[in-house]
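Chemist: Residue 71 in numbering that gives the first Met the number 0 is what sits at position 72 of the sequence shown, and the numbering runs on without skipping anything.
The beta-carbon is built from N, C-alpha and C at its ideal position, and this holds for glycine as well.
Quick caveat: nothing in here was measured; it's all calculated off a predicted structure.
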Amino acid sequence: MCRNFFKKKDNFITVAQDGSGDFTKIQDAINASPSFPYEKVIINIKNGTYNEKVRIPEWNTHLTLLGESKENTIIAFDDNFKKINLGRNSTFYTPTVLVEGDDFSASNLTIKNTSGDNGQAIVLSVVGNRVQVSNCTILGNQDTLYLSGKESKQYFKDCYIEGTTDFIFGGATALFENCEIKSIKSSYVTAASTPEGIPFGFVFKNCKLTANPEATAVYLGRPWRIYAKTVFINCDLGKHIKPEGWENWSKPDAEKNAFYAEYNCKGDGFQPKNRVSWSHQLTKKEAEKYTIENILKDSIANWYSK
């Protein structure tokens, strides 16, 4: 007869580098977590810098990574495109943290890719559905945050996210609320690849877009794929945002099929009269559909039931 390794501790595991917890490495705790649990599994991570590449597999559903503090609980690794060297798709092997499991959440963490401004280097890659990330700092350069999955819905709240080029990219439906989005140099904030027919792509609400002094010419986004959707609502756009706002990435078809829009934004970077002609300024009625309930739909009911 098999013995349940954790028994009473199945749903609460502690990671501490000083040996005071159940494990000293985050990945070891994940590997020991039950597969497809009926209840949420919480991995409590004590302060420290964890230099490891972390993967939450598809079978580790309902998993939570809970840091002791955002400032001092740090997950760091230094993979990048050239280091991986697996051909044209090397980018997707680079993340410091990879989330494949559904119903995942993370809070009070700093996640870094420490390879520097050295090409594509993902910090956090999210493939799972119904994912929440709150009060986290996500630090990278090019391709910081990859959000994937045609039916996946992901929610970022009260986070700080920084990068250089296309540093929020992918095809998932994702809502960002009350986040600071910081550009390190002149480039592009988003590169959505929203699939055709998906009602929402990336939505930023009540976010603040900031920049380093050297970042003086930043686009809100460009289309990785031609049906890209990205919308900014009630956001504060710094002076680093280019007047035209959006770029077509040399894809004329994107001007017909992509949906780039803003509503009720402010700041020096909000120049609606100077935006490219194929972008949109939403009416109040149009903006009203961009609620958390509409954007994330079944995810909301699932999260609130936990």
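If you draw a straight line from the alpha carbon of F231 to that of V130, how long is it in whole angstroms?
Modeler: Near 21 Å, if we compare the C-alpha coordinates of V130 and F231.
Chemist: Which whole-angstrom value describes the C-beta separation of K156 and S133, a residue pair presumed to lie in contact below a C-beta threshold of 8 Å?
Modeler: Going by Cβ atoms, the distance from K156 to S133 rounds to 5 Å, so yes, they are a contact pair.
Chemist: With 16 as the cutoff for other CB atoms within 10 Å, does T290 come out buried or exposed?
Modeler: T290 should be labelled exposed.
Chemist: What separation, rounded to the nearest whole angstrom, lies between the Cα atoms of P36 and E254?
Modeler: So the two alpha carbons sit approximately 45 Å from each other.
Chemist: State the DSSP-derived secondary structure class of E261, mapped to helix, strand or coil.
Modeler: In the structure shown, E261 sits in a strand (DSSP, three-state: E or B).
Chemist: Identify, in the order they occur along the chain, each residue of the same chain with its Cβ nearer than 8 Å to the Cβ of W58, setting aside the five sequence neighbours on each side.
Modeler: Hits under 8 Å: S34, F35, G100.
Chemist: Cβ of R224 within 8 Å of Cβ of W245?
Modeler: No. Outside cutoff.
Chemist: Excluding the 5 residues flanking A28 on each side, which residues of the same chain have their C-beta closer than 6 Å to its C-beta?
Modeler: Counting only Cβ-Cβ distances below 6 Å, and skipping sequence neighbours, we find I12, V14, F22, I42.
Chemist: If Y226 and E179 are in contact, beta carbons under 8 Å, what's the gap, nearest whole angstrom?
Modeler: Rounded, the Cβ-Cβ distance is 28 Å, inconsistent with contact.
Chemist: According to DSSP, simplified to helix, strand and coil, what is F155?
Modeler: F155 falls in the strand class under three-state DSSP.
Chemist: Among K69, S276, K250, E176, which has the Cα closest to the Cα of E243?
Modeler: Per the Cα distances, S276.
Chemist: Could you pull out every residue in the same chain whose Cβ sits closer than 6 Å to the Cβ of Y49, ignoring the five residues on either side in sequence?
Modeler: Excluding sequence neighbours, Y49 sits near I25, I74.
Chemist: Could you check if Y282 is buried or exposed, using at least 16 other CB atoms within 10 Å of its CB as the buried criterion?
Modeler: In the sequence as presented, Tyr is not what sits at residue 282; that position holds Thr. So T282 counts as exposed.
Chemist: Quick check on F91: does DSSP put it in helix, strand or coil?
Modeler: F91 falls in the helix class under three-state DSSP.
Chemist: Buried or exposed, going by whether 16 or more other CB atoms sit within 10 Å of the CB of N107?
Modeler: That one is buried.
Chemist: Give the single residue among L62, Q16, T60 whose Cα lies nearest to the Cα of N46.
Modeler: Closest option to N46, Cα to Cα, is Q16.
Chemist: For S19, count neighbouring C-beta atoms within 10 Å of its own C-beta (all shown protein chains included) and say buried if the count is 16 or more, exposed if not.
Modeler: Flag for S19 reads exposed.
Chemist: Where N177 and T215 are concerned, what is the direct C-alpha to C-alpha distance, given to the nearest angstrom?
Modeler: Their backbone Cα atoms lie some 23 Å apart in a straight line.
Chemist: For K76 and N112, which I take to be in contact (beta-carbon distance under 8 Å), what is that distance rounded to the nearest angstrom?
Modeler: Correcting the residue type first, residue 76 is Phe in the shown sequence and not Lys. Right, their Cβ atoms sit about 7 Å apart.
Chemist: Does the beta carbon of I12 sit closer than 8 Å to a beta carbon anywhere in chain B?
Modeler: The chain labelled as chain B is not found in the depicted structure, where only one protein chain is given.
Chemist: Is DSSP giving D267 helix, strand or coil here?
Modeler: Here D267 sits in coil by DSSP.
Chemist: So for F76, helix, strand or coil by DSSP?
Modeler: Three-state DSSP puts F76 in a strand.
Chemist: Start and end of the alpha helix (DSSP H) containing A171?
Modeler: Note, A171: premise wrong, no alpha helix (DSSP H); not H, not E.
Chemist: Taking the beta strand (DSSP E) that K207 belongs to, which residues open and close that run?
Modeler: Element bounds for K207: 207-210.
Chemist: Please name the residue in P271, I160, E261 whose C-alpha comes closest to that of K284.
Modeler: Residue E261 is the option with its Cα nearest to K284.
Chemist: Hey, which unbroken runs of the beta strand (DSSP E) at 3 residues or more fall wholly within the segment 10-71?
Modeler: You should have 11-14, 40-44, 47-50, 53-55, 62-66.
Chemist: Rounded to the nearest angstrom, what separates C264 and G127 at their Cα positions?
Modeler: Approximately 30 Å between the Cα atoms of the pair.
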